[in-house]
Amino acid sequence: MVDNETDPEKAAQILEQIKDCKMCTDCYEQNSCLKDLLHNKIERKAVPQDLIDCIKSKLKEEGS
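For the sequence shown, position 11 (counting from the first letter as 1) is numbered 22 according to our numbering, and the numbering increases by one without interruption.
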């Protein structure tokens, strides 16, 4: 949910459930703050296309 992987309806249900629990709310807020901090501090670098292709190829081999 912190990573926005939960659909909005489900996220609203979860937030509604945790709002009555101080420990749950604090934990959610700490995780959100940590995620935001890391997102702002991490330098993103482009990945070479040949590396992407190599990884995809290996994954296909593993799946066969």
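Glycine included, each C-beta is placed from N, C-alpha and C at the ideal position.
First and last residue of the uninterrupted alpha helix (DSSP H) at residue i
{"i": "A22", "result": "19 to 29"}
{"i": "I63", "result": "60 to 74"}
Proximity test, Cβ basis, 9 Å: residue i and chain D
{"i": "K52", "result": "Within the model displayed, chain D is absent; a lone protein chain is all it includes."}
Residue i vs residue j beta-carbon contact at 9 Å
{"i": "C35", "j": "Q28", "result": "yes"}
{"i": "K46", "j": "D14", "result": "yes"}
For residue i, three-class secondary structure by DSSP
{"i": "N15", "result": "coil"}
{"i": "E54", "result": "coil"}
{"i": "C44", "result": "helix"}
{"i": "C32", "result": "coil"}
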